[in-house]
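I have placed the structure first, in the form of structure tokens, so that the comments after it can refer back to it.
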Amino acid sequence: MARAADQNSGAIKIKFPGEFGTGIPDLADVIDNLGEPFLVLDWQGHIQYLNKAAVSLFNFADQEELTKQAGNAFLQLNPLLAENFKEAVQKKSPIHFEVELPNGWYEVHYNPNSNWLSVHLHDISKTKQLESELQHCIERFEASVDNMLDSFVILSAIRDESNLIQDFVIEFPNRFACSVLGKKPEDIIGKTLLEVYPGHRGSRLYADYIRVVETGQPLKLESYYYEQPNFSGHFDIQAIKTGDGLAVSWRDVTQRHLTEEALRLSEERFYKAFQLNPATMSISRVRDGSYINVNQRWLETTGYTHAEVIGNNATNLGIWADGDFCRVFSKAFHAGGNLRGLDVKVRTKSGKVLSGHLSSEVITMNGEPCWLTVFQDMTEKRLLEEHLARLNRLNLIGETAASIGHEIRNPLTSVRGFLQLMAESKEGSVFKEYFDVIIEELDRTTFILSEFLLLAKDKAVNLRPHNLNSIVQAIYALLQADANRAEKTIELNLEPVPILNLDQKEIRQLVCNLARNGLEAMESGGTLAISTRFVEGYVVLAIKDTGKGIAPEIQEKLGTPFVTNKDGGTGLGLAVCYSIAARHHAQLSYETGPGGTTFFVKFKPPEPGYFTSLS
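Each number in the numbering used here corresponds to the 1-based position in the sequence shown with 46 added.
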């Protein structure tokens with residue numbers, strides 16, 4: 047077969063035997079000027095002919111380059127072209143498929159005959175673009191609908207021979223609808239509405255759905271009460287016609303309805319007395335403990351919102367810190383239903399445990415027995431009483447120490463000096479070992495007296511503006527050295543905190559005492575964590591060890607001199623810490639358990655502008 051290049055036409059001219067060209071001189075021109083690409087391939091896939099439109103597919107610089115490189119370049123444009131070419135040649139049957147080429151998407155038609163395989167390409171790029179855009183819109187719609195906080199379904203009408211609606215096919219349910227209905231999408235899609243929920247038939251809602259489709263009028267129902275086995279409540283429902291069907295969305299407003307009902311009851315009966323009462327008050331159902339209403343003081347005390355509480359119960363919220371306290375309620379109800387001044391512990395939303403007195407009485411609300419419960423928070427009062435008692439003990443000890451400390455230390459200093467002289471003398475050298483022991487015990491006694499003097503109520507403090515983090519960092523190396531010797535680790539986590547009015551020496555001693563107590567409480571390999579943070583208007587210093595915790599019999603007297611959890615300890619270090627905290631108007635507290643102990647020191651920063659006014 048002869049091949050010739052026509053430089054003017056832009057296509058390779060071929061003299062075809064038989065069916066292509068012989069006796070039909072104008073056919074080649076017609077094909078050459080087709081607006082769509084047309085090629086002829088031999089059985090090996092080599093290009094034997096291509097028209098002008100096909101030349102542009104290869105983007106060759108000129109006709110000469112095309113003539114040299116044509117070969118089977120067409121099949122190399124996309125692997126799918128070669129795969130389908132092979133199948134068309136083997137089966138000797140036409141094949142139609144879609145493929146992406148460098149300059150767009152094409153619908154490809156392979157038509158083999160006895161000697162050749164013709165290729166016709168139809169540009170479908172715009173169609174593909176429109177399909178892509180449509181698919182993108184569908185995906186965005188489905189994503190938006192699927193992530194709605196309302197339930198959403200699309201229903202298609204099923205009609206009988208009389209064109210009357212007999213049922214609806216569930217075409218699409220969003221994720222929330224499936225969750226609310228307690229079903230998987232595959233259990234719903236393709237099923238009929240009455241098949242999934244047979245109770246719909248004869249209901250007002252089902253009739254409303256039919257009316258929407260038949261009339262085109264949208265449906266809007268507020269707080270509609272719907273009841274089915276294992277599924278009931280109040281709902282806001284909207285429906286609009288879509289083709290021969292409808293789109294339905296609904297929102298569960300049961301809790302809102304209960305809240306509104308509770309509010310009406312409050313307004314009708316004792317709204318002012320209930321809401322304005324300074325005590326923490328709540329109303330809950332006896333049958334399941336679910337809250338009907340709580341007053342503002344209850345919300346402020348627990349940290350919960352009204353929406354989080356109404357319809358829920360104390361057990362689910364984790365309010366009772368006493369474990370099985372709900373049993374006490376149940377026992378009280380069966381015994382008459384009233385509680386008076388019961389000591390309880392309540393856990394807030396933040397995890398804080400409050401202690402106080404609880405009283406509860408059974409009342410009737412809409413014919414249903416309910417608990418009217420009053421909780422009196424005694425946490426701050428008890429902490430204040432404990433703190434005051436501890437300070438009184440420390441003040442008494444401090445005053446005693448201050449009155450006798452100097453009288454004792456001076457003689458002890460003299461005794462120590464004479465013992466040193468005797469130990470260094472020729473006569474006393476034989477007893478030097480005994481003298482060293484006596485001197486060591488005298489030094490220990492002097493140290494204890496010095497610690498006692500730090501407990502004095504009227505000890506002067508030198509308050510200056512300081513950054514707590516800087517003080518901690520300054521003694522970190524000293525504490526780390528102690529930790530290394532004991533094969534333990536210290537971690538620092540210091541967050542930015544406001545400037546405080548501090549006595550630097552006393553705060554250094556407080557940190558050292560608490561840190562060394564923590565190090566001594568741990569076995570080798572333990573980790574002591576020192577952290578600072580600014581939370582709820584306070585600068586909080588926390589020192590946490592990984593020891594065994596403080597023994598219960600020690601906790602009540604902790605901070606009293608000579609009351610200690612350590613063998614050979616004096617308990618004065620922690621007593622001094624309480625005194626230092628008191629002189630800085632700070633709060634010293636702790637949490638302890640089998641996993642270790644954490645001491646907290648809460649400092650109240652000065653009011654803005656305080657340091658400026660001093661300068």
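Where is the CB? At the ideal position from N, CA and C, for every residue including glycine. Given the structure is predicted, the values throughout are model-derived calculations rather than measurements.
Report the partner residues of residue 266 according to the DSSP bridge assignment.
Taking the sequence shown and counting its residues from 1, one reaches residue 266 at position 220. In the DSSP output, where bridge partners are listed per residue, residue 266 has 284.
Between residue 457 and chain C, is the shortest Cβ-Cβ distance under 8 Å, so that the two count as touching?
The chain labelled as chain C is not found in the depicted structure, where only one protein chain is given.
What does residue 80 pair with, by DSSP beta-bridge criteria?
Along the sequence shown, one-based indexing puts residue 80 at 34. According to DSSP, residue 80 bridges with nothing at all.
From the DSSP output, which residues share a beta bridge with residue 131?
Mapped onto the sequence shown, residue 131 falls at position 85. Partner(s): none; residue 131 has no beta bridge.
Please report the distance separating the alpha-carbon of residue 157 from that of residue 139.
Residue numbering aside, residue 157 sits at position 111 when the sequence shown is read from its first letter. Residue numbering aside, residue 139 sits at position 93 when the sequence shown is read from its first letter. Computed Cα separation, rounded: 7 Å.
With a threshold of 6 Å on Cβ separation, who are the neighbours of residue 548 within its own chain once the five nearest residues in sequence on each side are excluded?
Here the question's residue 548 lines up with position 502 in the sequence shown. Cβ within range, chain order: 512.
Give a yes or no on whether the C-beta atoms belonging to residue 87 and residue 145 are separated by under 8 Å.
On the sequence shown, residue 87 is found 41 positions in, with the first residue counted as 1. On the sequence shown, residue 145 is found 99 positions in, with the first residue counted as 1. No.
Please classify residue 475 as buried or exposed, where buried requires at least 16 other C-beta atoms within 10 Å of its C-beta.
Working through the sequence shown from its first residue, we reach residue 475 at position 429. With fewer than 16 Cβ atoms within 10 Å of its Cβ, residue 475 is classed as exposed.
Taking just the CA atoms, how far does residue 101 sit from residue 107?
One-based indexing of the sequence shown puts residue 107 at position 61. One-based indexing of the sequence shown puts residue 101 at position 55. Since pLDDT at residue 107 reaches only 47, below the 50 mark, its modelled position is unreliable, and no value is offered.
For residue 654, which residues in the same chain have their Cβ closer than 8 Å to its Cβ, ignoring the five residues on either side in sequence?
Within the sequence shown, residue 654 is the residue found at index 608, counting from 1. Cβ neighbours of residue 654 beyond the five flanking positions: none.
For the beta strand (DSSP E) containing residue 231, name the first residue and the last one.
Reading the sequence shown from its first residue, position 185 is the one you call residue 231. That residue, residue 231, is in no beta strand (DSSP E); its alpha helix (DSSP H) goes 231-234.
Give every residue of the same chain whose Cβ lies closer than 7 Å to the Cβ of residue 141, excluding the five residues on either side of it in the sequence, and list them in chain order.
In the sequence shown, counting from the first residue as 1, residue 141 sits at position 95. Once the five neighbours on either side are set aside, the close Cβ partners of residue 141 are 130, 133, 134 and 156.
My guess is that residue 595 and residue 639 are in contact by the Cβ rule of under 8 Å, so how many angstroms apart are they, rounded?
Reading the sequence shown from its first residue, position 549 is the one you call residue 595. Reading the sequence shown from its first residue, position 593 is the one you call residue 639. At roughly 5 Å, the Cβ-Cβ gap stays under 8 Å, so residue 595 and residue 639 are in contact.
Quick test of the definition: if touching needs 3 or more C-beta pairs under 8 Å, does the segment 237-249 touch the segment 259-271?
no
Identify the residues that DSSP records as bridge partners of residue 535: which are they?
Counting from one through the sequence shown, the residue named residue 535 turns up at place 489. 573.
Between which two residues does the alpha helix (DSSP H) carrying residue 344 extend?
For this step, residue 344 is matched to residue 298 along the sequence shown. Segment 342-348, the alpha helix (DSSP H) holding residue 344.
Since residue 344 and residue 361 should fall inside the 8 Å C-beta cutoff, what is the C-beta to C-beta distance between them, to a whole number of angstroms?
Taking the first residue of the sequence shown as 1, we reach residue 344 at position 298. Taking the first residue of the sequence shown as 1, we reach residue 361 at position 315. Their Cβ separation, rounded to whole angstroms, is 16 Å, which puts residue 344 and residue 361 out of contact at 8 Å.
Would the beta-carbon of residue 708 fall within 8 Å of that of residue 297?
In the structure as shown, the chain begins at 47 and stops at 661. Residue 708 is therefore absent and cannot be evaluated.
For the putative contact between residue 103 and residue 163, defined by C-beta atoms under 8 Å, what is the C-beta separation to the nearest angstrom?
As a working note, residue 103 is residue 57 in the sequence shown. As a working note, residue 163 is residue 117 in the sequence shown. Not really, about 17 Å apart at Cβ, beyond 8 Å.
Could you tell me the distance, in whole angstroms, from the CA atom of residue 304 to the CA atom of residue 356?
For the purposes of this step, residue 304 is taken as residue 258 along the sequence shown, with counting starting at 1. For the purposes of this step, residue 356 is taken as residue 310 along the sequence shown, with counting starting at 1. Between residue 304 and residue 356, the C-alpha separation is close to 8 Å.
Can you give me the Cβ contacts of residue 124 inside the same chain, cut-off strictly under 8 Å, excluding the 5 residues immediately before and after it?
By one-based count along the sequence shown, residue 124 stands at place 78. Answer for residue 124: 145, 146 and 147, listed in chain order.
Measure the C-alpha to C-alpha separation of residue 89 and residue 81 and round it to an integer number of angstroms.
Taking the sequence shown and counting its residues from 1, one reaches residue 89 at position 43. Taking the sequence shown and counting its residues from 1, one reaches residue 81 at position 35. Answer to the nearest angstrom: the Cα atoms are 26 Å apart.
Output the distance between the C-alpha atoms of residue 478 and residue 598, rounded to the nearest integer angstrom.
Start at 1 with the first residue of the sequence shown, and residue 478 comes out as number 432. Start at 1 with the first residue of the sequence shown, and residue 598 comes out as number 552. About 44 Å.
Exposed or buried, residue 264, counting other C-beta atoms within 10 Å across all chains shown (16 or more means buried)?
By 1-based counting over the sequence shown, the position of residue 264 is 218. With fewer than 16 other Cβ atoms within 10 Å, it is exposed.
If we count the other Cβ atoms within 10 Å of its Cβ and call it buried at 16 or more, is residue 642 buried or exposed?
Here residue 642 refers to the residue found at position 596 when the sequence shown is read from its first residue. Buried is the call here.
Which whole runs of the beta strand (DSSP E) in the segment 141-177 are 3 residues long or more, in chain order?
Taken in chain order, the complete beta strand (DSSP E) segments of 3 residues or longer contained in the segment 141-177 are 141-147, 150-158 and 163-169.
Does the distance from the C-beta atom of residue 6 to that of residue 340 stay below 8 Å?
It is not possible to answer for residue 6, since the shown part of the chain is limited to 47 through 661.
Over the uninterrupted alpha helix (DSSP H) stretch that includes residue 410, give me the two end residues.
Residue numbering aside, residue 410 sits at position 364 when the sequence shown is read from its first letter. Not the alpha helix (DSSP H): residue 410 falls in the beta strand (DSSP E), residues 399-411.
For residue 560, which residues in the same chain have their Cβ closer than 7 Å to its Cβ, ignoring the five residues on either side in sequence?
Residue numbering aside, residue 560 sits at position 514 when the sequence shown is read from its first letter. So the list reads 589, 623 and 645, once near-sequence residues are dropped.
Count the other C-beta atoms from every protein chain shown that fall within 10 angstroms of the C-beta of residue 64, then say buried if there are 16 or more, exposed otherwise.
The sequence position of residue 64 within the sequence shown is 18, counting from 1. Low confidence applies here, because residue 64 scores a pLDDT of 44, under 50, leaving its location unreliable; read the following figure in that light. Exposed is the call here.
Bridge partners for residue 416 per DSSP, in chain order?
Here the question's residue 416 lines up with position 370 in the sequence shown. The partner list for residue 416 (beta bridge, DSSP) reads 331 and 409.
Does the beta-carbon of residue 397 have 16 or more other beta-carbons within 10 angstroms, so that it is buried, or is it exposed?
On the sequence shown, residue 397 is found 351 positions in, with the first residue counted as 1. Under this definition residue 397 is an exposed residue.
Which one or two residues does DSSP pair with residue 645 in a beta bridge?
To locate residue 645, count along the sequence shown from 1; it is residue 599. Residue 645 pairs with 589 and 636.
In angstroms with no decimal places, state the Cα-to-Cα distance between residue 473 and residue 531.
By 1-based counting over the sequence shown, the position of residue 473 is 427. By 1-based counting over the sequence shown, the position of residue 531 is 485. C-alpha separation (whole angstroms): 39 Å.
Pull the bridge partners of residue 253 from the DSSP assignment, please.
Residue numbering aside, residue 253 sits at position 207 when the sequence shown is read from its first letter. The partner list for residue 253 (beta bridge, DSSP) is empty, contrary to what the question assumes.
DSSP puts residue 278 in a beta bridge; with which residues?
Along the sequence shown, read from residue 1 onward, the residue named residue 278 stands at position 232. Its beta-bridge partners are 273.
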